[in-house]
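This report concerns only the one structure given below.
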Amino acid sequence: MLRLLARGSGHHGLTEIADSLGLARGTAHGILRTLQRVEFVEQDHTTGRYRLGAALLHLGTSYLDANELRSRSINWADTLAARSGQEVRIGMHHDGAVLVVHHVFRPDDSVQTLGIGAMLPLHATALGKVLLAYDPDLSAAARRRELTSLTRRTITRTQMLERVLTEVRGQGWAGEAEEYMPGEASIAAPIRIPGGLVIGAIGISGAADRLCDSTGRPRATLVRQVVQAAESVTTSLVDEN
13 MLRLLARGSG HHGLTEIADS LGLARGTAHG ILRTLQRVEF VEQDHTTGRY
63 RLGAALLHLG TSYLDANELR SRSINWADTL AARSGQEVRI GMHHDGAVLV
113 VHHVFRPDDS VQTLGIGAML PLHATALGKV LLAYDPDLSA AARRRELTSL
163 TRRTITRTQM LERVLTEVRG QGWAGEAEEY MPGEASIAAP IRIPGGLVIG
213 AIGISGAADR LCDSTGRPRA TLVRQVVQAA ESVTTSLVDE N
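Position 204 of the sequence shown, counting from 1, maps to 216 under my numbering, and the rest follow consecutively.
What follows is the structure, encoded as structure tokens:
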């Protein structure tokens, strides 16, 4: 049941859950109530749909520390940088921000600064949007704080941020264009552990005109490369366990 709730949009109705698992509605409801009591599952009081709870998500983040996530992702990050021609970052949540645990330079001769250890804003970066989208407790905390404006494109209204996070969950990746830095854009996708819990994100960043098309949307080829890299890291974590 927890694996089912971790898939797709992360929001599932009782009938959908029962039918997917071949359970009677009463049986499924009983299991969900048990999981709610230990905060592994939460129910949206407006829609009645279920999602993973904050307690389980926080348990998942303890599965890997920053060094382990970096060591298990490094090969895929190098490959992503080579294929995309962009710099690659791997991040995880720490103290209300994105902690960059690994950074691969763009494969060119330009002057670049190593970003390992940098703390990036959650609401204005693709990495951060991924982490917010799949952690209800983290996104709720973000909504309670003022969303700092970093550029004229930064999302500063909580309603808009929530719509964006819903879109991220639906499509399985996040993007931003000039929300964090003028002229820069980024694309990211979730890294999961066995069971489907998101414990980090991998993404690329670079000049907006290289990452985005004429409409400002992330280029489909780059999105596919990022999603494939995230899936490869996830598969490696599953295979090792």
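Glycine is no exception: its CB is placed at the ideal position from the N, C-alpha and C atoms.
Euclidean distance between Cα positions of residue i and residue j
i: residue 186; j: residue 41; result: 33 Å
i: residue 154; j: residue 35; result: 36 Å
i: residue 105; j: residue 188; result: 18 Å
i: residue 161; j: residue 182; result: 26 Å
i: residue 184; j: residue 250; result: 18 Å
i: residue 75; j: residue 103; result: Per-residue confidence for residue 75 stands at a pLDDT of 48, beneath the threshold of 50, marking its modelled position as unreliable; no derived number is given.
i: residue 73; j: residue 210; result: In this prediction, residue 73 scores a pLDDT of 49, lower than 50, which makes its location untrustworthy; the coordinate-derived value is nonetheless stated afterwards. Approximately 8 Å between the Cα atoms of the pair.
i: residue 221; j: residue 193; result: 13 Å
i: residue 39; j: residue 149; result: 27 Å
i: residue 233; j: residue 62; result: 33 Å
i: residue 116; j: residue 231; result: 20 Å
i: residue 60; j: residue 124; result: 49 Å
i: residue 30; j: residue 14; result: 13 Å
i: residue 94; j: residue 88; result: 10 Å
Proximity of residue i and residue j at Cβ, strictly below 8 Å
i: residue 197; j: residue 213; result: no
i: residue 50; j: residue 17; result: no
i: residue 139; j: residue 101; result: yes
i: residue 98; j: residue 82; result: no
i: residue 84; j: residue 245; result: yes
i: residue 191; j: residue 175; result: no
i: residue 128; j: residue 112; result: yes
Where the beta strand (DSSP E) through residue i begins and ends
i: residue 114; result: 109 to 116
i: residue 43; result: Where residue 43 is concerned, there is no enclosing beta strand (DSSP E), although the alpha helix (DSSP H) it sits in stretches over 37 to 49.
i: residue 102; result: 99 to 106
i: residue 64; result: 62 to 64
i: residue 255; result: For residue 255 there is no data in the structure shown, the boundaries of the chain being 13 and 253.
Rounded distance between the beta-carbons of residue j and residue i, thought under 8 Å
i: residue 242; j: residue 91; result: Contact doesn't hold; Cβ gap of about 12 Å is too wide.
Endpoints, alpha helix (DSSP H) assigned at residue i
i: residue 142; result: 138 to 145
i: residue 29; result: 26 to 33
i: residue 134; result: Per DSSP, residue 134 belongs to no alpha helix (DSSP H) and is neither H nor E.
*Within the region 157 to 239, note down every full alpha helix (DSSP H) run reaching 4 residues or more, in order along the chain.*
170 to 183, 220 to 223
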